[in-house]
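K.L.:
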Amino acid sequence: MSCALLLLLTSLALAMGTGTAVEIQRPRGVPQSKRQFYEENKPFTCLDGSSTIPFDRVNDDYCDCKDGSDEPGTAACPNGSFHCTNAGFRPAFIPSSRINDGICDCCDTTDEYNSGATCQNTCREMGRKERESLQIMAEITKEGFLLKQQLIHEAKRGQEDKRGKLTELKGSKKGLEGKVEALRTVKETAEDPEKEAKERHLKSWEEQKELIRMEKDKTRMAEAFLELDDDADGYVSVAELQSHLELDPDSDGSLTETETQGLLGGEGKVDTSTFETVWSGIKDKYLSEGLLDPPAPVETPQEEESRDFVSDHDSDHYPEDYAGEEEDVEDDDEEDDDHDEEEEEKVPPTVQTPEKREDDELSMPPYDTETQSLIDAAQKARDDFDEAERALREVDDQMKNLEKEIGFDFGPSAEFAYLYSQCYELSTSEYIYRLCPFNRVSQKPKFGGSETNLGLWGQWAGPEENLYSVMKYDHGQGCWQGPNRSTTVKLTCGKETVVTSTSEPSRCEYLMEFTTPAVCQEPASLDEVLHGHTEL
-7 MSCALLLLLT SLALAMGTGT AVEIQRPRGV PQSKRQFYEE NKPFTCLDGS
43 STIPFDRVND DYCDCKDGSD EPGTAACPNG SFHCTNAGFR PAFIPSSRIN
93 DGICDCCDTT DEYNSGATCQ NTCREMGRKE RESLQIMAEI TKEGFLLKQQ
143 LIHEAKRGQE DKRGKLTELK GSKKGLEGKV EALRTVKETA EDPEKEAKER
193 HLKSWEEQKE LIRMEKDKTR MAEAFLELDD DADGYVSVAE LQSHLELDPD
243 SDGSLTETET QGLLGGEGKV DTSTFETVWS GIKDKYLSEG LLDPPAPVET
293 PQEEESRDFV SDHDSDHYPE DYAGEEEDVE DDDEEDDDHD EEEEEKVPPT
343 VQTPEKREDD ELSMPPYDTE TQSLIDAAQK ARDDFDEAER ALREVDDQMK
393 NLEKEIGFDF GPSAEFAYLY SQCYELSTSE YIYRLCPFNR VSQKPKFGGS
443 ETNLGLWGQW AGPEENLYSV MKYDHGQGCW QGPNRSTTVK LTCGKETVVT
493 STSEPSRCEY LMEFTTPAVC QEPASLDEVL HGHTEL
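Residue numbers -7 to 528, in the numbering used here, belong to the letters of the sequence shown in order.
#1: Helix, strand or coil, according to DSSP, for Val230 in the structure here?
#2: Along the chain, which unbroken stretches of the beta strand (DSSP E) at least 3 residues long are found entirely within the region 452 to 481?
#3: For Glu501, which three-state DSSP category applies?
#4: According to DSSP, which residues form a beta bridge with Cys96?
#5: List the endpoints of the continuous beta strand (DSSP E) containing His75.
#6: Take the Cβ of Gly156 as the centre, count every other Cβ of all protein chains shown within 10 Å, and call the residue buried at 16 or more, exposed below.
#7: In three-state DSSP terms, what is Ala84?
#8: So, Ala510 versus Glu407, is the Cβ gap smaller than 8 Å?
#9: Give the DSSP-derived three-state secondary structure of Gln142 in the structure shown.
#10: Looking only at DSSP bridge pairs, what is Glu506 linked to?
#11: For the region 206 to 223 against the region 258 to 270, do three or more pairs of beta-carbon atoms, one drawn from each stretch, fall closer than 8 Å, so that the two count as touching?
#12: Tell me whether Glu514 sits in a helix, a strand or coil according to DSSP, three-state version.
#13: Less than 8 Å between the CB atoms is what I'm expecting for Val491 and Glu417, so what's the real figure, rounded?
#14: Give every residue of the same chain whose Cβ lies closer than 7 Å to the Cβ of Glu34, excluding the five residues on either side of it in the sequence, and list them in chain order.
#15: Give the single residue among Gln151, Asp360, Ser88 and Val462 whose Cα lies nearest to the Cα of Phe400.
#16: Could you tell me how far apart the beta carbons of Tyr502 and Leu446 are, in whole angstroms, since I believe they sit closer than 8 Å?
#17: Per the DSSP calculation, Glu268 is bridged to which residue(s)?
#18: Since Leu418 sits in a beta bridge, which residues does DSSP pair it with?
#19: Suppose the cutoff is 6 Å on Cβ atoms and the five residues either side in sequence are ignored; what does the same chain contact list for Glu327 look like?
#20: Pull up the distance between the alpha-carbon of Phe267 and that of Leu256, whole angstroms please.
#21: Where does Leu168 sit, in a helix, a strand or coil, going by DSSP?
#22: Using 8 Å as the cut-off, can you tell me whether the region 363 to 371 makes contact with the region 118 to 126, which would need three or more C-beta pairs spanning the two stretches below that distance?
#23: If you drop the 5 nearest sequence neighbours on each side, which residues of the same chain put their C-beta closer than 6 Å to that of Ala68?
#24: Under the three-state reduction of DSSP, which class applies to Phe400: helix, strand or coil?
#25: Within 10 Å of its beta-carbon, does Arg499 have 16 or more other beta-carbons around it, so buried, or fewer, so exposed?
#26: Give the DSSP-derived three-state secondary structure of Glu496 in the structure shown.
#27: Looking at C-alpha atoms only, which residue of Asp40, Lys179, Arg90 and Tyr410 is the closest neighbour of Arg149?
#28: Within the continuous alpha helix (DSSP H) that includes Gln253, where are the two ends?
#29: In whole angstroms, give me the CA-to-CA distance for Phe439 and Phe506.
#30: Cα separation between Gly119 and Thr110?
#31: Tell me the rounded alpha-carbon separation between Lys134 and Asp103.
#32: Rounding to the nearest angstrom, what Cα-Cα distance links Tyr465 and Ile398 in this structure?
#33: Exposed or buried, Asp100, counting other C-beta atoms within 10 Å across all chains shown (16 or more means buried)?
#34: Is it a yes or a no for the region 196 to 212 touching the region 373 to 386, going by three-plus beta-carbon pairs under 8 Å?
#35: Tell me whether Ala189 is buried or exposed, calling it buried when 16 or more other Cβ atoms sit within 10 Å of its Cβ.
#36: Which residues mark the beginning and the end of the beta strand (DSSP E) in which Pro241 is found?
Listed below in structure tokens is the structure:
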């Protein structure tokens, strides 16, 4: 095969679509950028420098170079590559194994020069469609960039407003701090006499209650003496007291004569003067005989209603009695028998002492006019202080939120600031995805179910030369036996701000596409764009 046959006469358009052409001679499959390494009248040195061969062994369908550079136009080298000129469209490289395989890989059909395949040159049509697409992209980029300039302007004005508001709040805070401290002093000054007056009132009331209690205790003691003195001889004897099993000291269910005599202070009987000492030891357990084994009256419907009403108020005093009534509604005869046997063995229940019950029934009288005035004055001082302190907290919260927002990294010119406190949704067949920039990403089933946290705002995570092209959200809800969910948000230029797609490329790791004018760069001219896609 002669060198002349190995050279391909290639006509390339200097300006796409103009029809102007020049003739460039170079071996088949060699790009213009490497033409200088293939000179017909000189030996060829493999591009990896591994060896040098005569030029007539270039494209001779035998692989001499380890890097396959001596066979750019044949399929001889498994690691070789073929350059498609693709005039009118974009040049491309394909693996050498696709040369003359019967399938047209190059739109200019140059890869099938010796296969007999019927190929049609589609480069100009593909180039036309690409230029139309690039034109649309250029227009979107242009409009997006103009919107970005507006966003930057608004962000700058917004930042100035926030700084002004922060300065204003700092002044308000200083004034409120002084007001809070002044009202604190007023409050503390008003609370001291209030506290003293309330303590005096309470002390007086406790003294009154003690006098009332002592008087009632004397009355109960006298009633108990008369009740115990069965023979009305003016004495309470061991036999008369022994019937009150609730006074059993060791709670063994019986009250012996010795135990009863001990309750009487070692005496066989006591009169009213001595009974006062005995009463102090038994009054907490003593039950009036009217409360011991009372007969069960036949209840009428009206009495049942009355009992229900009383139980609401008195069940606290006799909790075990009322609990027992609820348990007595069993229908099983055997269970009733067992219950009766247990009742016979039970010691009478311990109930709330009369003194305690009487104390509960007594209500403290209203404060006198002077004390109530002091309480009202102190309460007003507390209300004024609480209101001022609440206002100070609100100002503090506003300042913290403003400082946080001002300190956020919203891009080199704060162009992403407009996304703050906003949320954007994308609805799929199963889920509603929600992106709240600088906050969180979530997923919620469309047909019921709880929301899942797919990640909280982490950081900008784009490459060094384009840092603000990727957002990272992590520390989301944990997967079952897996890591916490996280989301990567890729930003692309667009006239609208919208979530365009979501996916889960790896388990618990989500990918979201998000268009925004804030990421649009200053557009290049269409010629520059086309030049970037075309190599002559």
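The C-beta atom is built at its ideal place from N, Cα and C for all residues, glycine as well.
P.N.:
In terms of the structure at hand:
#1: helix
#2: 462 to 466
#3: strand
#4: According to DSSP, Cys96 bridges with nothing at all.
#5: Ser73 to Cys76
#6: exposed
#7: strand
#8: yes
#9: helix
#10: Residue 506 is actually Phe in this sequence, not Glu. Paired residues: Leu483 and Val491.
#11: yes
#12: coil
#13: 7 Å
#14: According to the sequence provided, residue 34 is Lys. The question's Glu does not apply to it. The answer, listed in chain order, is Phe47.
#15: Gln151
#16: 5 Å
#17: According to DSSP, Glu268 bridges with nothing at all.
#18: Tyr425
#19: Unreliable placement is indicated for Glu327, whose pLDDT of 48 sits below 50; the coordinate value is still reported in the next sentence. Counting only Cβ-Cβ distances below 6 Å, and skipping sequence neighbours, we find nothing.
#20: 8 Å
#21: helix
#22: no
#23: Asp53, Tyr54 and Cys55
#24: coil
#25: exposed
#26: strand
#27: Tyr410
#28: Glu249 to Leu255
#29: 25 Å
#30: 21 Å
#31: 38 Å
#32: 21 Å
#33: buried
#34: no
#35: buried
#36: Unbroken run through Pro241: none, as it is neither H nor E.
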